[in-house]
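Here is the structure we will look at.
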Amino acid sequence: MSIDAPAEAVWPWVAQVRLAPYSYDWIDNLGRRSPRELVGLPEPQVGENFTATGGRKLGRIVSVVPGEQLTGAIMGAFMSYVVEPGHRGTSRLLLKVVMRTHRWVAAGLSVGDLVMARRQLRTFKLLAEQHRR
């Protein structure tokens, strides 16, 4: 996803996934709104909780390169976010989800995750662009 904000403005939002899912809050966060302001979290560390839903901590961070990449394991899936600098103060945010499961289960999960992940990335985009101004 292309974002009209530099990677340095996008990364803190990605790192803040530790607090909330940032997708459809009424589904993923039990109706609680994901924070719309940065709270000044320290850089993520391997072994920390990956995210939270409805205040409940979920998953583990398995890899991190501050400012560039965050990978977490959650419910049998690995989710990797990569923030790449672009031209003239823009950036790209990429998400890759990998899960080992049965083929028929994967198809259903992929469709659902596509909708949720798209919303999450669009939310990060919106927040990074708004706070850049």
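In terms of the numbering used here, the sequence shown opens at residue 1 and continues consecutively. Backbone N, C-alpha and C fix where the C-beta goes; we use that ideal spot for every residue, glycine too.
Taking 8 Å as the upper bound for CB-CB distance, S91 and A5 are in contact here, some 6 Å apart. Looking at the DSSP output, G72 sits in a beta bridge with I61 and M79. In the DSSP assignment, T123 is bridged to no other residue. Residue pairing by DSSP places R100 opposite no residue, since no beta bridge is assigned to it. Here the alpha carbons of Q130 and M99 stand approximately 33 Å from one another.
Our two residues, R88 and A7, have alpha carbons roughly 11 Å apart in a direct line.
In the structure shown, the three-state DSSP call for R36 is coil. Within the same chain, G67 and V83 come within 6 Å of W11 by CB-CB distance, once the 5 residues on both sides are set aside.
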